[in-house]
Every structure is written in structure tokens, then in C-alpha cells.
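Novice: First residue of the sequence shown? That's 11 in this note's numbering, and the numbers climb one at a time after it. Beta carbons are placed, not taken as given, at the ideal position from N, Cα and C, and that holds for glycine.
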Amino acid sequence: MTDQVIVKALVNLIISIDLSDEETVDSDFASSAFEDVMATLDELSDGERENVVRIVQSLADGESSTQRRQALLEFPDNFGLVDEEE
11 MTDQVIVKAL
21 VNLIISIDLS
31 DEETVDSDFA
41 SSAFEDVMAT
51 LDELSDGERE
61 NVVRIVQSLA
71 DGESSTQRRQ
81 ALLEFPDNFG
91 LVDEEE
């Protein structure tokens, strides 16, 4: 349960930053933050990555906003959680 809450909080923050305009969130800050998140997620084991992907998919399934749902569906690929071959 803790994993799900932490992943949900992190992903919601990332999606909110990603969908914000440049007047709200500086693009250099956003890029730097995203790079830091990607570097940290890179430390996960394969099993942990699969768990994060499952949680994100569950969040996408329950999302009513089309824009946020699409961002959630793209998150695993954009943040290096899935192999490019998949």
C-alpha cells in the first residue's frame, strides 16, 4: 500500500508539472526535475519497475481527464520504466 501511495504522489506531481504551461513552471526546472526522477527510477530492480508500471496503469484506468490519462499512459516509456523493445 505504501508503494502505491508514494508512486501516486510522485506521478501526480510529475504529470502536473508536465501539463503546466511555461508561465507556471519554468521549463529548465521541469527538465532538471524529470532528469532527477529518471535517474532515481533507473535504480529500481526489474520487479520494482513492473510494480510501478502496474500502479501507473491503474491510475490511468481511473483517470477521467483525457489529457492526464494520456500522460499517465506515456509515463512508463518516457521515464525509462519499460524496455524500448516492449
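Are the Cβ atoms of Met-48 and Phe-89 separated by less than 7 Å?
Specialist: Taking the C-beta atoms as reference points, Phe-89 is found nearer than 7 Å to Met-48.
Novice: Here's a check: name, in chain order, each residue in its chain whose Cβ is nearer than 7 Å to the Cβ of Val-92, leaving out the five neighbours to either side.
Specialist: The answer, listed in chain order, is Val-63, Pro-86.
Novice: So, at 6 Å on beta carbons, what are the nonlocal neighbours of Ala-40 in its own chain, with the 5 sequence-adjacent residues on each side left out?
Specialist: Ile-27
Novice: Considering only residues of the same chain and omitting the five flanking positions on each side of Leu-20, which have a CB-CB separation below 8 Å?
Specialist: Val-47
Novice: So Arg-78 and Leu-23 are in contact, right, with Cβ under 8 Å, and what is the actual spacing, rounded?
Specialist: Incorrect: roughly 12 Å between the Cβ atoms, too far for contact.
Novice: Between Lys-18 and the rest of its own chain, which residues show a CB-CB distance below 8 Å, the 5 nearest in sequence each way excluded?
Specialist: So the qualifying residues of the chain are Ile-65, Leu-69.
Novice: With a Cβ-Cβ cutoff of 7 Å, do Glu-73 and Leu-82 count as a contact?
Specialist: Cβ atoms of Glu-73 and Leu-82: closer than 7 Å.
Novice: Run the CB neighbour count on Ile-25, radius 10 Å, all protein chains shown included, and call it buried at 16 or more, exposed below.
Specialist: In this structure Ile-25 is buried. Its beta-carbon is surrounded by 16 or more other beta-carbon atoms within 10 angstroms.
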